[in-house]
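I have placed the structure first, in the form of structure tokens, so that the comments after it can refer back to it.
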Amino acid sequence: MVARLIGACALAALVVIPQVVTPYYRSLALAILADVTLTVAWAFFSGPTRYLSLATGAFFGAGAYVTAVAGKGLAWPLPVVAAAVVGAVMALVVGALALRLRGPYFAVFTFGLAELTKHTLIWYETSVTGTVGRLILAPPAPLVLYYTVLVLTVLAVATSVLLRRSRWGYALVAIGADEERAATLSIDTTRVKVGAFALSAAFMAAVGAAMAPRWTYLDPQVFNPLVSFQAVIMALVGGASTVVGPIVGAVFLGLASEILLLRFRYVYMLALGLTLIVVVLALPSGLVGLAQRPPQAARGRPSGRPPEAAS
Numbered sequence: 001m002v003a004r005l006i007g008a009c010a011l012a013a014l015v016v017i018p019q020v021v022t023p024y025y026r027s028l029a030l031a032i033l034a035d036v037t038l039t040v041a042w043a044f045f046s047g048p049t050r051y052l053s054l055a056t057g058a059f060f061g062a063g064a065y066v067t068a069v070a071g072k073g074l075a076w077p078l079p080v081v082a083a084a085v086v087g088a089v090m091a092l093v094v095g096a097l098a099l100r101l102r103g104p105y106f107a108v109f110t111f112g113l114a115e116l117t118k119h120t121l122i123w124y125e126t127s128v129t130g131t132v133g134r135l136i137l138a139p140p141a142p143l144v145l146y147y148t149v150l151v152l153t154v155l156a157v158a159t160s161v162l163l164r165r166s167r168w169g170y171a172l173v174a175i176g177a178d179e180e181r182a183a184t185l186s187i188d189t190t191r192v193k194v195g196a197f198a199l200s201a202a203f204m205a206a207v208g209a210a211m212a213p214r215w216t217y218l219d220p221q222v223f224n225p226l227v228s229f230q231a232v233i234m235a236l237v238g239g240a241s242t243v244v245g246p247i248v249g250a251v252f253l254g255l256a257s258e259i260l261l262l263r264f265r266y267v268y269m270l271a272l273g274l275t276l277i278v279v280v281l282a283l284p285s286g287l288v289g290l291a292q293r294p295p296q297a298a299r300g301r302p303s304g305r306p307p308e309a310a311s
């Protein structure tokens, strides 16, 4: 009940914020909402299964290009819907192959997906169309973009809650705990993983499509690997195994990144790397996991029960 009340208050504040703040703070809120959606979507699949996906940048970039290519002929928000479909189809094709891999092999494969897509686009545009990049003409108004991303954020959080309470979510958790045992319990592990991967990719591509009109000019550099790493770090900082964790991590690092980029631009990447190291070593369950620990455990004394295994 308390969580629902807090969520309702937060949603009401997010609806009102763009009407009362300056364009700078509205832009900051938009960027943080996009980070929240990407991080929550990443946690759909990677949180319960423990598969480290680095494909966020690929799906985000694909969604942005859908807006750049098809945005002229489609009324808003149809480019966002089209991007979600494109992202899901990409994930179904890639997931059918990549999700047979595990551990570092899967991570390397998904990281290479963004680079492969970027360089394929560069080759196509330079060799076929004779251009590099796309102009985005007549973008929607800033308020329209803000509320579009806000709707995506609400849908992503609601999907995360429903997914974790469903049989599909329990199957994903079982795969993360022991995939071989899950298969012996008649769980179609490949279908479950590919479905969750496609659902995650649909939201990532939709965010890319919604954020693309912020840029007048779009080129293949939108397939930025930093987007993939940021989603992972934000989820780990907050706690990837919970619904609230990715939200907390995205908001915390989104605000911290804004401060670091403005005041300490050249140490931003260093601070990001150090944050990941600290979280992995000292906070394996993230900030939410730390808040949920019993007081005795937080002080290093026995709490009367064994600590939970780190996810």
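Residue numbers are given in my numbering: position 171 of the sequence shown equals residue 171, and the series is strictly consecutive. Even glycine gets a Cβ: it sits at the ideal position worked out from N, Cα and C. Values in this document were obtained by computation on a predicted structure and should not be read as measured data.
Inter-residue CB distance, residue i and residue j (contact presumed, cutoff 8 angstroms)
i	j	result
G87	F106	Not confirmed; about 18 angstroms, so no contact.
T148	P77	6 angstroms
F44	L150	Going by Cβ atoms, the distance from F44 to L150 rounds to 19 angstroms, so no, they are not a contact pair.
L143	P18	6 angstroms
A202	V40	A202 to V40, Cβ: 13 angstroms. No contact.
A235	G245	7 angstroms
G254	V237	The pair is not a contact, with the Cβ atoms about 11 angstroms apart (cut-off 8 angstroms).
A34	V207	5 angstroms
V227	G57	4 angstroms
V36	V251	7 angstroms
G95	K193	7 angstroms
G176	R50	4 angstroms
A398	A231	This structure does not reach residue 398, given that the chain is present from 1 up to 311, and the question cannot be answered.
A182	T190	Rounded, the Cβ-Cβ distance is 11 angstroms, inconsistent with contact.
P213	L281	Not a contact, Cβ separation roughly 40 angstroms.
F197	A91	5 angstroms
A205	G63	3 angstroms
Y268	L276	Not really, about 13 angstroms apart at Cβ, beyond 8 angstroms.
L28	E258	6 angstroms
For residue i, the three-state DSSP class (helix, strand or coil)
i	result
S311	Residue confidence is low: S311 scores 38 on pLDDT, short of 50, so the model does not pin down where it sits. Its coordinate-derived value is still stated next. Three-state result, S311: coil.
Y217	strand
L135	strand
W123	helix
A13	helix
L97	helix
R102	coil
A202	helix
I233	helix
L74	coil
G239	coil
G208	helix
I333	Within the shown structure, residues of the chain are numbered from 1 to 311, placing residue 333 beyond reach of any answer.
W5	It is Leu, not Trp, that sits at residue 5 in the sequence shown. Helix at L5.
G87	helix
S53	coil
G130	coil
G304	At G304 the pLDDT is 43, less than 50, meaning the model places this residue with poor confidence and gives no usable figure here.
Alpha helix (DSSP H) segment containing residue i, residue limits
i	result
Q253	Before going on, a small fix: residue 253 reads as Leu here, not Gln. Its alpha helix (DSSP H) spans residues V244 to R263.
F223	No alpha helix (DSSP H) holds F223; DSSP gives it neither H nor E.
G63	T56 to A70
S27	P23 to T49
V277	Here the sequence assigns Ile to residue 277, which means Val is not the residue at that position. Residues Y268 to A282.
R167	R167 to A177
S160	P142 to R164
Contact set for residue i: own chain, Cβ-Cβ below 8 angstroms, skip 5 residues either direction
i	result
L121	Y65, P220 and F223
V132	I122, E125, T126, D219 and P220
V81	A206
P23	P142
R165	none
Y217	G133, R134, L135 and I136
V279	I233, L236, V237 and G286
6 angstroms Cβ shell around residue i - same chain, five flanking residues per side excluded
i	result
S311	Any answer about S311 is weak, because its pLDDT of 38 lies below 50 and its placement is not dependable; what the coordinates show is given next. If we look at S311 and ignore the five residues flanking it on each side, its Cβ neighbours are S241.
K118	P220 and F223
S53	S46 and T110
P48	L172, V173 and G176
Sequence-distant residues of the same chain with beta carbon closer than 7 angstroms to residue i, five excluded per side
i	result
L272	I233
V161	V243
P79	V66, T67, A70, G71 and A209
P140	W76 and P213
A98	F106, F109 and T110
E312	Only positions 1 to 311 of the chain appear in the structure, and residue 312 is not among them; the question remains open.
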